[in-house]
Amino acid sequence: PKLIGGESEGGADVFEVKYFETKAFLAQSPQLYKQMALMTDMPRVFEVAPVFRSENSNTHRHMTEFVGLDIEMTFKDHYHEVIDVLDGLFNHIFVGLNKRYRPEIEAIRQQYPFEDLKWKYPCLRLTFAEATRLLRTKGPALLEKRMAAEQDTYKRGLLEKHLESVKVHAEEEDISTEDEKVLGALILEEYGEEFYIIDKFPKDVRPFYTMPDPQDPRWTNAYDIFLRGEEITSGAQRIHDPKLLAEKCTAMGVPVKDIQTYIDAFKYGAYPHAGAGIGLERVVMLFLALPNIRKSSLFPRDPKRLTP
3 PKLIGGESEG GADVFEVKYF ETKAFLAQSP QLYKQMALMT DMPRVFEVAP
53 VFRSENSNTH RHMTEFVGLD IEMTFKDHYH EVIDVLDGLF NHIFVGLNKR
103 YRPEIEAIRQ QYPFEDLKWK YPCLRLTFAE ATRLLRTKGP ALLEKRMAAE
153 QDTYKRGLLE KHLESVKVHA EEEDISTEDE KVLGALILEE YGEEFYIIDK
203 FPKDVRPFYT MPDPQDPRWT NAYDIFLRGE EITSGAQRIH DPKLLAEKCT
253 AMGVPVKDIQ TYIDAFKYGA YPHAGAGIGL ERVVMLFLAL PNIRKSSLFP
303 RDPKRLTP
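Under the numbering used here, read the sequence shown as residues 3 to 310, first letter to last.
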C-alpha cells in the first residue's frame, strides 16, 4: 500500500495527506509490508512501484517521487546470502542492458559521452571500517591533486574544506555524498571496479528495524551498494524479534502504537530475513553516467517541480 497510517522508516520525511476524518502518509517504502508478507510463508517478495520522499533535497540525484525496486527474502545461515542475490541481480541487469539495448546506449552516448561501466562478478565488498580507512589514508592525496588542478577559487575552497574533514574522518562517522565520490574514485584506481558493496554500517545511521551486529554493537548487519561512486541501494538484515524491535522503536522515537500490527506479525515466530530498496532512476543515471537524475525520468518530481 502507498497510503499508510504511520511512517515507514521513522523521521519526518513523509508526505501527510488528509484521509477522511484522519490523516495518512504516502509510503516512503514498502519496508514494513514486505517483511509482514514474508511471515505468511512467502520465502521471497519483490515490488516495483512508486516511492515518495518529502526530502527538501535539490541535488542531481534526489527526487521526491521515484520508482523503487524492493526485495525481501528469508535466509538460512547468514544475511550475506541476500547480498549474494543482490550482486547477481545487478550483474544480470548490467549484462542484459549491454546485450539487449546496445543501439539505445550508443544513441545516448552520442549526446552524453561516457565510458562503459567497469564491474566484476562477484563484485568487490568492503566493510564500512575498511572503506573509511581507505578514505582517510588515500583520500587526502587525491583531493590535493584535484586542488592543484582546480582554477576556480570557490571550488578550490570546497576541496580544501573536504580535505580537512577526510583527514580526520572517524571510523563510525557516516560518509557524505562527497565522501562517496572520493571513495568511488579510489576504488576505481585501486581495484578497477565501479560497482561495489559496503557492509557493516554504524548503528547510528540506520533505521530502527536494522539488526545489530551480534559481534560488535557499534555496527549493524546493514549494507549499501554503490555505482560510479554513488549509493544506489540500501539494505540490511531486519530485526525479527518483536521485543527487540519494540525497544529499538522506543529508543529511536518511533511510536510503537503506530506500527503495532507490524510488530505483531513477528510474535508467532519469524524467519531471519533481509532485503534492499533500489532507486531505479538512479541506477539508470549512473549506468549511463548521466549528469542529472531528471534525465532518467519522464516526469521528474523534486521540491520545486510538480508539473508537468
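C-beta atoms are modelled at their ideal positions from N, C-alpha and C, and glycine is treated no differently.
Query: Please confirm if the segment 35–49 is in contact with the segment 65–78, defined as three or more CB-CB distances below 8 angstroms between the two stretches.; Result: yes
Query: In angstroms, rounded to a whole number, what distance separates the CA positions of K101 and P219?; Result: 44 angstroms
Query: Within the continuous alpha helix (DSSP H) that includes N253, where are the two ends?; Result: Correcting the residue identity first, residue 253 is Ala in this sequence and not Asn. From DSSP, the alpha helix (DSSP H) with A253 extends over 244–253.
Query: Would you mind reading off the limits of the beta strand (DSSP E) that contains R284?; Result: Run containing R284: none in the beta strand (DSSP E); it sits in the alpha helix (DSSP H), 282–289.
Query: Ends of the beta strand (DSSP E) at Q239?; Result: 232–239
Query: Would the beta-carbon of A224 fall within 8 angstroms of that of F203?; Result: yes
Query: Would you say L88 and T235 are within 8 angstroms of each other, going by their C-beta atoms?; Result: yes
Query: Under the DSSP definition of a beta bridge, which residues are partnered with E67?; Result: F54, R303
Query: Please list, in chain order, all residues of the same chain as Y264 whose beta carbon is under 7 angstroms from its beta carbon, the five residues on each side excluded.; Result: L34, M38
Query: So what does K20 bridge to, in DSSP terms?; Result: K25
Query: Does DSSP classify M41 as helix, strand or coil?; Result: coil
Query: Tell me which residues share the same chain as I280 and place their Cβ nearer than 6 angstroms to its Cβ, disregarding the 5 neighbours each side in the sequence.; Result: L71, T235
Query: By Cβ distance, which residues of its chain are closer than 8 angstroms to A267, with the 5 residues on each side in sequence left out?; Result: Q37, M38, M41
Query: Quick check on E49: does DSSP put it in helix, strand or coil?; Result: strand
Query: Take the Cβ of D118 as the centre, count every other Cβ of all protein chains shown within 10 Å, and call the residue buried at 16 or more, exposed below.; Result: exposed
Query: Going by beta-carbon coordinates alone, are F125 and F197 separated by less than 8 angstroms?; Result: For the record, residue 125 in the displayed sequence is Cys; it is not Phe. Yes, Cβ-Cβ distance for C125 and F197 is below 8 angstroms.
Query: May I ask which residues mark the beginning and end of the beta strand (DSSP E) holding L128?; Result: 126–129
Query: Contact defined as beta carbons within less than 8 angstroms: I believe L128 pairs with L188. What is the distance between those atoms, to the nearest angstrom?; Result: Rounded, the Cβ-Cβ distance is 11 angstroms, inconsistent with contact.
Query: Select from A248, G231, Q112, P257 the residue whose C-alpha is nearest the C-alpha of G194.; Result: G231
Query: Alpha carbon to alpha carbon, how far is F22 from I199? Give it in angstroms, no decimals.; Result: 44 angstroms
Query: Just curious, the alpha helix (DSSP H) that D1 is in, first and last residue?; Result: Missing from the structure shown is residue 1; the chain here goes from 3 to 310 and no further.
Query: Measure the Cβ-Cβ separation of V69 and L229 and say whether it is below 8 angstroms.; Result: no
Query: Name the residue from D176, H62, V256, G255 whose alpha carbon lies nearest to the alpha carbon of T134.; Result: D176
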